[in-house]
Every structure is written in structure tokens, then in C-alpha cells.
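Shown next, in C-alpha cells, is the structure this report addresses.
Protein chains in written order, with the working numbering: chain D, 164 to 584; chain V, 164 to 584; chain Y, 164 to 584; chain H, 164 to 584.
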């Protein structure tokens, strides 16, 4: 969201990046049936066709309307229909009713994409350097936004497929039920002042900065995330029946829903199974546990006599580990057994940190200032990216955030504890 | 639903009828875009694709499974997915979630239709006479059921189209804004004992019988239904702001929704318009008022110093008037100005009668006994058929019923009053 | 509500009647603790103190304000606080929040009662004959209204006491668990035209008229209401688990609440008990079954292969039976075993008739026209009065009405069936 | 909650303290009418009589049942009725239904208080030193708990009084509308590592520790809280109509409720007024603004180009300022104009800090561990105490917490900003 000094106005690279990321979205949709495009599981989810249009609206609204003189919008009402939550961009279609938009048709939305892609391409090719310097961060932001929706396309589709008795398969997922997990090791860090947050020139969201100092008491984090098999022990030890393990809000939710297992687990003929993007599979004991709410992650940690790391601890522990792992591009579409000391991919890791502003944070002026800043309440930070996050999208300083009850994301946990200094 | 003595086992006629009515459903869907098939406005509405499947399920469940030895169902879960409300047919998919069934795809549902149509055709051709005599009424019921869903396909589509800012057009509707209405005349009937209800051999729903005696005090009914122009006078006279005109439940609903006009009316640049299946049109003053709830119809009658007829009064007044008028087959898809003394088509007419059993009524045994009988509470009777009712579907004794708040149907009213005997 | 020709202006009788009925209300409250006066179980119920004030408001609003020149209201806001549902009397305090009115205090409300009683007494003593002739029906209506609230005081208190783990006792109820019920006999009536409704000079509610003709096919009704023991057989025969016995709305309600027994029944140590105004007691098998909804009454009748009588059948069958039985004045406060052919007291009897206007019915002008008329939708008729109805309040033509789901009233059923003529 | 080394077992002091604090609760109730004791505005509030019983239950459950051999409970069901949220203490009466407990009567609850007070007194007098050392912290905790309920008695009463059209007065509040506010000054603090949290021997809640180090960038806080007059400027500048000032959740709430002013403000004849415990008064411009939600406090700060302090900043800034100011004991019952550099009393001050565990925090074992720990999610920290907080209850390290939407408390804000180091 900030790009103060562009190293070089490499138009070809940006245009190629644009084409690649936009194309990746459409590749993800290529596996859908025509009937799936309108599918909206509930108010938290958006239909694929709406997401195809909304990501396009983002480029049209913030790049074309701003930087292309005399730009004529593709359709006079798309600004209303495909604005998500930007108050500064005017009124918008109700989120809960996105699944009612059978029109425009999916075909018309693909035409909209082509229309906008052509004009962005033209803008990147023909803008003068000064304009390009201003367009660049907007397009960069739009591409990161598009990548977030690639993840959402899959996480929003999953509950609708999971509830369907026909249990549709989005794409095959390897069955790794027989693999064994690596041992978890403690990695310790001494008390002291650390710097966290983003400081460099590359793309990052505004909420990742300013870089600033924090004091951390001594701590240790695990070398890998909690596995499905470990979480199963918690379940079978009565984890969902012991109030003392839960935050009050989490316990209330469990009792209200009479919940006794995590999302997407079910039983078939007495055997525990999990619903995946590849259909119903056995539990993968060695793979990271996923689709946990913050409450579940926190309860598991308490059961284990441990705790979640804060986001500062996580970032310090991640250090300069390389960004590698099981991301969207692996095509795996489900968490796979972890490698030692890998902090990225597989599952977003809940932290103990509520989502708040870093010291000195100021949101940008105008609509784009709403991207992250206005959500800094009632949400918890997750770190690391997941098996449906595009690899180029993630950073060590990346702050994902969701309300603590959220289970739809590929979210798990890494354990932490105090260490006497 | 009862066909005790079939006049003649005319297999060809029944098969042709079957083909024609099933084809009419698919013709209605031919105007839809692929995106429309999953569209479910709310829990009261069903998506087109679900209706295409459900009407097919009806024939498979009640005809093929009962009368075709060794019938193998098209799909083991379609019985669960496409049962509507038949408790005796087992559990079923929740009504509110019909819009989540992106799978089976629409294409698969059309295959299901072909599968069942082929087998029904074969059954009608090859059954022995005795079997045919038992199959006949089931198929007849299934066809009447299919016709009900033809009407519902359109009334369930309309709110979703109406709320869409793009205001899609299902099919062109003639603009008859300049036509003048015929004058309304009183038709009087003396006090006395009358017979109402169905008694003949032809198809009729179980709730239309037994034929029985009622005593009616002297009454008169209007020669035509209330027009849009007349209802507009009520609106502009403050009809939606005068509590004294309304039943308590109707008034509560008006105030809760801050309602000041009927469904599908809106204003554009200060001019009142109506949303129709042909898009947004000016009000048609001469055409029958439609999309009224029972509460609105009742309030209008009270405002006029009159009342709604009871269903017995309506049936007596309709006498042996011919079944003609503006039905689905006219292609008009909206009420058109009335002819004098025509009781059928255009708009369903709310009566003052709650939906109850006629004396001596007994529902059939088994699942088909649930068709009508279990709804005999909290609903009001409507008579006469509408502009989206297939013409061959309606009868003088036909009892339609909906909860009094229902506005989605093409429903209006005919005025009545007491006449001293 | 109508009193066209007063036989004689017997001021003393009316004043004595006024004093007696008003006093009876306060006698009912004498058994309450101070803490009970604010108790509102839910939106359907009103706190005792609100009822004490509302009934007083009725006299002040419709008698004193109308007929006492220069009447100064007791308090300027009581008109707002204690209006129930009379739109013509202006805005009012929300029904759901009556339990928030800790002020005015109960003591102030008793002062309000005294204030109004004094002025009504004075009005009855000093009005000229012409004024008295107009006041009389209003006061008569107010007293009948007061009597309705005597019943409501107890039926609204009961659920709040029943849910309290301390299970408070309002007043001792005799345990008649060991009594045996009388046998039920059929009383048959031939088909023909009958007159029903009120026609005389005595007090009656407007909805009881006009007297009019109805045609009834031959029918029979039982000589007594259904007993608790009989209903227990239904329960133990799986009545709450058989969808085929229930109207659709009733079944939905049962399933939603996972109901398997009627209101106020519970189990203690494996024994079925009932909560009464006298606390927890064993079931009284011989006593009339009570606290049934219409759905339950209808389901029971269906289970028995029978049906509920219509209100016309009930009224014809009741003929000129004397108004005697187990009423409020007996102090029993619970249904007691029936006598043969007694139609009154013990339990209100659900009929098969929705609450609609009789032919020619016109509500009165003004606020009092709202008393009954605006509720003529979505309710069912009950007949006969109950063990908490004041005896002088009931008539053969009396039409009580409640939504079909209502279980809070002392409501049961009498069986009926067709009889070939 | 922790009292590791008691300086001296001064039984008299503790007993006197017990008597004084328990008596203070009853003094607060002495101003209530009998009718007020059952009053429950909504699920967030508890009736006075329930609070009188619940605070007593606390002593009986955690002191008498634990430390008095053969203690016989006052009533076998009070444990069920008056447990608030302690899962480890067993099931409990639903919070939303506390207002249904007309029984036990208020008189019985006062008897319960006497019963428990007598036994606590006896325990404190007769326990051996070792037992006393264990009882002491429990009794101390119970007294602090009692003090929290003294505040809640008034904050829970206020909305019920405010909604009552009679606008009852709890106790007179001085009208200080004409006073002028002191000027606000910035107090700056340099960047560095600080210690926060409780470390001493005196009573403190578990969530106030462990004492630990934090790094703070340079900051400044205001010398006083925001005044009503300043907040009025925000309101009149369209603060409630500018989405850009609000967190997304706060804005959604404003729009849903169509809110355009803070809680307890209203207009009378075009003049803005505030409802206080002393009834309706003019706005007190110089007094601290109160009854703000976190969202409102945050929006105001944003409007002012500033921010809220974190709780660490607040604690550092409060330094060793004396605990003095406008507390419950002043009898003022409403915020009064501030003194310079006073951090305590008047209004709880929202901080920018979500309520989370301090590093190394461990809740106590058993039911008392539920006191604070299980609420560490979805709540924000407030500091400083209010005009209805007992003075002896507050500490510099005291962490109050409420969900960000809470407006019922006497809650305002103190402004802060970054200061370059």
C-alpha cells in the first residue's frame, strides 16, 4: 500500500505480474460448474462471480477512474453492485444478498474482466513515468487484493460444498493419512527489546508498519504447528466438554451449537472423517490441524499447559526463515505434514494478539484507508499463510486478522511458552 | 386427487397431456439465464432448478416407485434433496437452503427429467388396465402439481428480479397504461341454502370436497375485481396510515416495515411505477390490482365500506361462468383489464374465508394425504386463478390458500356486501 | 357492548356490581407477594400491577373522560402507560416492556384505582338518566373487561411461577388424582338450518352478533370434555412423534421445541407431574385435560379418529344448558372432574372454527370498535369458559379467541364427529 | 485475589471492613422502592434483588462452604439461582431470566444476607490463624466483588429508569451546567522500557499481574479527560454521520440504530438534555463526557486528530498520583468537573488496549480462576474508576474491561498522542 521509492519503472514486469495474477484467479474458477458461480453459503461468504467482479471493480475504481482521463465505466451500476465495504466509494449492495445477483451473468462479468484488463494493460504501457509511479502502488495493492480473493474463493466455496449431501469435489487432494509427523522442538528466545513490523521498500499493507520496538520477556515457540493427531487427542480427552479450558465466549459458542468436534469433521460408520476440497477423506494425523477458531486454538494450548505466541513473538521467532512451504501453487489444497522450523504455508497460525494499530500507524486518506484500519477491533492476528495462499502474497510481517470465532480459514496454531530469562 | 371411475383409459390422451405439461415447464425455463437456476430469494421461494427436480421427484416417488417393479432411482440422494414437505416420504433437505444446491447441476437435473419422463411414458404405454386405473390419478395429480410449480417458477423468480438493480426482464409485458376500466356492477344473490364443493368425476384436489350445503344470507358481489386505479385512490387517501382500516396483524406488519404502498411499487422521479415480469412499467390503472396481501385486500374493502366475499359466496356467484380469461397461456404475464362478469384468471381473489376442512373431509392415507390437509390453519382462501396459472389447471371449486401476509402471488380482490333478503 | 334498551336504570345494582367486580380483582392480588407485581413472563403476559392499572385506565378513558365534564386525569402519562392496544386512544408503552415499569409503584396504582372508583361511583350516583343510559354499557363493558383480566392475572402468573425452581404456590389446589371420570356419551343433532349468535338485550360482546342462520350437516358431540387420562394415552402412544396426526404448523412447532408433552407437565423421579396454581401435583386423570394448544387438541382428535366441533355445532349442542360448573368463584383454580352434559367452566374448548366476523357484523365506531373486531384473523374460537373465568362473565354465545399455538389458557377440547342425516 | 504474606491477622479490621462494605450495598438499596428490586432492563443487567443475593452467594460458596465444617446452606437451591457464571460451581439460572425471580422475595434475600453475614463474622472471629490466612484473601475478594456490584447496582438501574416516561430519580444530582472546564495540558513521556502491573502485597485482582516490562515509544497524554462540551462539538460537527471517523463495527452499530448522539442524551423542546441518576438535567459542559462506548471514544479521538492511550501508557502516566477524586462516596453520582492531572474517579477511561493476559499470567485453579481470566477476549481495557466506584476499590494497576460497544458504564476518555523521542 506504500511504495515510496520505486526501484525502477519496470512496466513489463508489472504488466506480466498483473496478467499472471489475474489469470490465476480465472484458473481457479475453471474447475467450477456454471451452477457454482452464484453460490453464497452465508453472509460471511461471497459467490465466485461476485468475487470475479469485485476484484475487477477494485482496479476500475482505484486505478482507471483515478488515472485514466475520460474513463467510461463498463456499467453504471457496477460501482454499486461490486463495492464491498468502502464507505468513501458510496453505497453498495448488501453483503448478505450477493447470492441474489443472478444478473449480471457470469459471462457478462468475464467481459467486465476483459474490459478492465485491457485498460489496465494500456495504462501500464502508456502512462508517463510520473503517473506510473502513482499507479504502480495501486495496481500492486489491487494484485495483493486479488490474491486475497483467490484464497477466499476456496474458503468461501468449501462450506457450501461441505454441506451438500453430494459432497462435490473441487479438486483431488492427496490422502496422506499414513504419514508420520516430525517431532516438535522448542526454539527459545531471550528477553529483550526487538523490532517488528515492515520497514523496507517492497509491497506491504499499511497495517504492517511502522516498524517499531517491543519488549518481549523470554519465550519459546514450537518448531512446527500442532498436528491433526494431537488435536484429536484433545478431542478424545473431552476437550469440548471441559469449560475450564475455554474462554467464556468460546465456551458459550460451543454449548450453543452443541459442538464436540472441529469444523468439517464428521463420522461415517463410526470413523472420523474430514471434508476437504477433495471431498471426504480420513483424518491426516501428521498434517497440521486446520479450520480451528481462535477459541479452539486457545483451548488446545491451555489443555497442553501452554499458550499461543503473541504476534511479536511469532515474528521474532520466524526471523529470516525463507518463504517456502505448502502454498496455493502446490495444488495440494490441504495442509501437508510439516518440515522442521518452517513458519509459512499450510495453516494460518492464530496468535494471542488482538489486531490493533502499531504505534504511529496512520491509515491512508480516502477509501483505501479503509482497507485495513477500520477493522482494528474484535479480531485476532494470524500469521504465516496457508495452503490456499498464493506464495508471492505472504511476508514475515504479514498480519492477517479474523474474528476469534472464525473457522472457515485454513487456520491452526503453533504452541509457545514462557522461558525464564 | 380422487378419480373413482375413469370414464375411459385413454392412454394416448394422458401421455400427450403429460408431455405437454412437462414441456410447458421447460418452456418457461427457456427464458432463464444459466445463472438464474440457483436463485432463491428467501425461504418462501425455491430456485428454478430445485423446482425442475422436485416436480420430477413427485412422479418418481409416487408413480414409478409405487407401480414400476424393480424401479431403480435415478440417484440415491434425490429422494432426500427434492422432497418438499412430505413427512411420510422421509427426511429432506432444508427449505431455506435449496439455493445452496449448486450440485446436482442444472444439466444433471434435466437428465433426471428425461429419465423419469421416459419411464412414465413407458408405464402409461405398458401398464395393464387395472394398474393404469391406479396410476392415472397419481399422474393426474402430478401434472396438476407440475402446473402449480409453473406458477411458482414465475412468482418465486419475481422478487429476486425486482430487487436486482439491473431489473432484469423475464419477458416483455404489454404496457396498457392508457386503457380505461369497465364499470363495476353489483350481482345480487338471495339468502338460502346452497351447495358448494366438487362432486363430479373430473380431477379435483381432495380439499374441494365433499360437496355440501351452506346457508348464505343475502349478498352481492362485484362484476369485476378492484383495479389498480381504485387501489391507488386508497393509497393516496392515506390507506397505509389509518389504523382503523386494518386488522391488527396487518397493521403491525405495515408499521414494522414502514410500508406505505403495495409490493413491487416504487417511485422513479416522483412517478409511481410497478415492477413486472417485463421490468419496470407505469401503473396500469385499468388492470386488476395485484400482489396484495389478505390484509391489504381487507383494508381496501373496509375503506370502501364493503367487504370480501366468503368462498361460498364466491363459488355461488361464479355459478357456471366459463373458465376463460387471462391465464399463463396468454403470454401476458401480468393482469390485463377485465371483462364484465369474468371470475377467472388475472388475479387470485382473496376471500373472507379461512382455509378449513369441508364437512366430512378426510385426507387420503399416506404421503399424498399431506398434499392439502395439513395446511388447514392460518391460511386464507383465494379463488379464480391468475395470469400465471395454466388455464387447464383451474376450476370453479378450486381452493387456493396462502397465509394472510402473502403478497408474492398475483392476488387481488373482488368486493362484496350484504343484501337484505 | 350494546345495551339498546335498558330495562330499568338500577343505579344501585350497577354500582354494587362495579364494587364487587373491582373488589374481586384486588382479592385475587391479595395472595401475591410485593415482588410478584412486576412479574412479566414474556411479551404475551402482563405484570399484575400493569393489569391493575390498565383495567382502571379503561374506566377512566372510556367513562370518566367521556362523561365527566372537566375530568382531570389522575396522571398525565397514565394514558400512555396503560393503554393496551387501542390505536384510536393514541400511542402507548410497548407491550414487551410492561415489566420495566417499576414506577409508578404498586401503591400508586392502588391509589389510581381508588381515585377512579370514587369518580365512577359518583358518576353512577349523580348522572341524569339520559347520561346514565349512555354510561351504563360502557361501565358494563369495563366490568366484563375487568373480568377478562381476572382470568389473565392467573394465566399470566402461572408460567412465571412454573419456571421458578422454587415453584411458588398461588393457592392450594385439591389433589383429585384418585377420582374416576364419567363415561363420555355421544349427543347427536340432525342436519338443518340453525340460528346462532346473540340476539337479546343483555350484555354481550359485539362479536357475538348478529344472530344469523347457519346450515349444519348432521353431527354429534361428546357429553364431556377429554380427560387428562385420555390425553395421557395419546402421549404414551407416541402422539408427539407422529407427523401424520398434526397440522403442519403444529408439527413444526413441536419439532422446533422438541416437545413431547403438554405445557406444565414434567417428570419427577420418573413420575409425570403437572404444575398447577397450587404447585406441583400428580396428574389428575379424571379431570379435563387443559393447557392444550389448538394444534394439540386437533392432533388428539385426529388420533381418536374424530374431530373438533365447529363453533356453530358447539353452540347448537350447548342449547339452553344452564351456566354452571367449575368457575373462578369455586376457588378450585384447576379443572375438576366433569358432570355429564355440562358445557361450561373447567376448560375453554377449542373449536374447529377460525375467528371471523358473523354475517353483517360491524365493529363500533372509535376506540371501542377495536375491542374485538381487529383480531379477526389467525385465531381460533374457544367456547365455554374455564376454572379461572368468573361465572357471571360467560354466555352460551361467548366467543373467546386465541392464536392456535396458545397453551397458556386453561384450554382443552370436546370431541365431535359427523352423523349421517 | 492473592495475599501471599498477610502483614498481621487483624481480625477486627477485616470484620469491620466486611460490615462496612456489606452495609454500603444495603445503603444503596435503601433509596429503591419495593417495586424496583425485580427490575431487569435487559440481559446485560441484573435486578437489585438478584445482586443482593449473588454477592451473598459468593461468600457462602467460596468462604462458608469451604471453611466452615458442616455448613448447612441457607437454601438448597440458592446455589443454582445465584451463581452468575462460574462453570466450576455447577449449573445456574439463565442470566436473561433473573428478572423472573419474584421468589425468593426481597425480604427472604435480606434474611439470606443476615444469615451469611452472621456466619462470616463468626468465622472471622473464631478461625484459627492458619485457616484465617486462607479465608482472608477469599473474603477480601468477596468484598471487592461486592464493591463491583455496588457500581453495577447503579449502572444496571439507570437504563431502566431512563426509559421510564416518569423518569424516576434515584437521588438528587447537582446541576453544574454553568461551571467552566480547566484547560487540558499535554504530559509527555519518553520512549523506553517501563514496568507495569501489580507487584505488592495488597489486594489486587489476578489479572493485574505479573508485573512485567513493556517498551513504549514516546507519548503524551492529556492532563484531564474529554469534557461533555468537547464531545458536543464532535456531535454537532457531524461526528455520527462521518464513516471515516469510525471503526467498522462501531459504524455498523451506529447505522443500525440510527444513532446520532450518545446514550442518555435526548432533546426536550429543542434543548439537549441528559438523563442522570438525578433525573433529566441540562448537559454539564465542563464535566467529563460519560457513557461512551469504546467506538465513540475512539471516533472522538480520531476526529480530534489524536488517539486513545494504551493501558501501559495510562499506567505509566498515572505514575504515583494519589487515588482521590469523585467516587461513589461523594454522593455526587455523576461526573463532576475535573481537577488538573487527576487520573481517578469520575469516568472509566477507555484505552486502546484489548484485554489480554499479561506475560506469565496464570488464572487460579478452580472456580475463582474464572473470575477474570476467561473473559480475556473481545473486550477493551478501561482504567481509573468512576463516580459510582467505591474509592477503596480502585488502584493504579486496576484493569476494568468491557466489550467495545458497552455504553452503560460511566465511561469516557483521556486523549493521547505520539511524541517523537
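Think of the CB as a built atom: it goes at the ideal place given N, C-alpha and C, for glycine as much as any other residue.
Test: residue i CB closer than 8 Å to a CB of chain V
i, result
"residue 479 of chain Y", "no"
"residue 164 of chain Y", "Residue confidence is low: residue 164 of chain Y scores 42 on pLDDT, short of 50, so the model does not pin down where it sits. Its coordinate-derived value is still stated next. So no, residue 164 of chain Y is outside the interface."
"residue 522 of chain Y", "yes"
"residue 169 of chain Y", "Low confidence applies here, because residue 169 of chain Y scores a pLDDT of 45, under 50, leaving its location unreliable; read the following figure in that light. False, the Cβ-Cβ gap to chain V never drops below 8 Å."
"residue 194 of chain D", "no"
"residue 517 of chain Y", "yes"
"residue 472 of chain Y", "no"
Amino acids of chain V, ordered along the chain, whose beta-carbon sits closer than 7 Å to that of residue i
i, result
"residue 412 of chain Y", "540, 541"
"residue 441 of chain Y", "Residues of chain V passing the Cβ test: none, with the nearest at roughly 33 Å."
"residue 253 of chain D", "Ordered by position in chain V, no residue passes the 7 Å Cβ test against residue 253 of chain D, which lies about 13 Å from the chain."
Residue-level contact to chain D via CB, residue i, 8 Å cutoff
i, result
"residue 380 of chain H", "yes"
"residue 179 of chain H", "no"
"residue 419 of chain V", "no"
"residue 500 of chain H", "no"
Neighbouring residues, chain Y, relative to residue i (Cβ below 7 Å)
i, result
"residue 375 of chain V", "380"
Amino acids of chain Y, ordered along the chain, whose beta-carbon sits closer than 8 Å to that of residue i
i, result
"residue 149 of chain V", "What is shown of chain V runs 164 to 584, which leaves residue 149 of chain V out entirely."
Residues near residue i by beta carbon distance below 6 Å, same chain, minus five either side
i, result
"residue 218 of chain D", "309, 312"
"residue 564 of chain D", "518, 542, 544"
"residue 492 of chain Y", "554"
Other residues of its chain near residue i: CB distance less than 8 Å, five sequence neighbours each side excluded
i, result
"residue 171 of chain V", "Note that residue 171 of chain V has pLDDT 49, beneath the 50 cutoff, so the model's placement of it is unreliable and no number is given."
"residue 325 of chain V", "427, 438"
"residue 243 of chain H", "253, 254, 255, 256"
Under 8 Å between C-beta atoms of residue i and residue j
i, j, result
"residue 379 of chain Y", "residue 464 of chain Y", "no"
"residue 403 of chain Y", "residue 424 of chain Y", "yes"
"residue 540 of chain D", "residue 567 of chain H", "yes"
"residue 486 of chain V", "residue 306 of chain V", "no"
7 Å Cβ shell around residue i - same chain, five flanking residues per side excluded
i, result
"residue 195 of chain V", "211"
"residue 200 of chain D", "210, 211, 212, 269"
"residue 347 of chain D", "385, 386, 387"
"residue 231 of chain D", "282, 286"
Contacts that residue i makes with chain H (C-beta to C-beta distance below 8 Å)
i, result
"residue 537 of chain D", "409, 410, 411, 414"
Residues that residue i contacts on chain D, provided the C-beta gap is smaller than 8 Å
i, result
"residue 581 of chain H", "522, 523"
Short CB-CB distance (under 8 Å) between residue i and chain Y
i, result
"residue 250 of chain V", "yes"
Under 9 Å by beta carbon: chain D residues contacting residue i
i, result
"residue 201 of chain V", "198, 199, 200, 201, 202, 262, 265"
Contacts of residue i in chain D (Cβ-Cβ under 7 Å)
i, result
"residue 406 of chain H", "250"
Taking only runs that begin and end inside the region 288-362 of chain Y, name each unbroken beta strand (DSSP E) of 3 or more residues, in chain order.
-> 349-352, 355-359
Ranges of the beta strand (DSSP E) found wholly within the region 547-575 of chain V, counting only runs of at least 3 = 563-565
Could you give the uninterrupted runs of the alpha helix (DSSP H) lying entirely in the region 240-270 of chain D, keeping only those of 4 residues or more?
-> 241-245
What are the complete alpha helix (DSSP H) segments, minimum 4 residues, inside the region 200-239 of chain V?
-> 211-222
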